[in-house]
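Asks:
In my numbering, the protein residues as written are 15 to 163.
1. Just to confirm, are residue 142 and residue 130 a CB contact at a threshold of 8 Å?
2. Assign residue 124 to one of three DSSP states: helix, strand, or coil.
3. Using a Cβ-Cβ distance cut-off of 8 Å, determine whether residue 142 contacts chain C.
4. Compute the Euclidean distance between the alpha carbons of residue 118 and residue 126, then round it to the nearest angstrom.
5. Tell me which residues share the same chain as residue 110 and place their Cβ nearer than 8 Å to its Cβ, disregarding the 5 neighbours each side in the sequence.
6. To the nearest angstrom, how far is the alpha carbon of residue 87 from that of residue 78?
7. Check for me: the beta strand (DSSP E) holding residue 107 runs from which residue to which?
8. On the DSSP bridge assignment, give the partners of residue 117 in chain order.
9. Assuming residue 61 is part of the beta strand (DSSP E), what are its boundary residues?
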């Protein structure tokens, strides 16, 4: 109660107080109201000549992008003497935090990516983007992945 009164007084004086500072800490952490900001959950999709990779549930965007690129660069027949894809050939096409992403390709090298609340919505948006490059050939979903939130 005392912390809340102090926070109100500071606000009246024009001092900005973060929400967490205005509420007393609850046992075990967090705030007394139980409000807690969701932890980041990053995902990413990378693609390149001959391959693609995806990652989800990473704490940072950089970690998700690195994991997606690494999977993209891994040869399809790893351990069977296949040469890896050139690192410069794999690029991160989308990254997302607590959302879903999709990668689609067409018959002539066109591609599309999108981020949305669901895999289905991301897939539809990515297909629309891909088809806009060459509308006579339908693009197809390669991967849809969600990073939980």
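Don't be surprised by glycine CBs; every beta carbon is placed ideally from N, CA and C.
Replies: Let me spell this out:
1. no
2. coil
3. Absent from the structure: chain C. Only one protein chain is present.
4. 5 Å
5. 56, 57, 58, 129, 161
6. 14 Å
7. 105-111
8. 127, 157
9. 56-62
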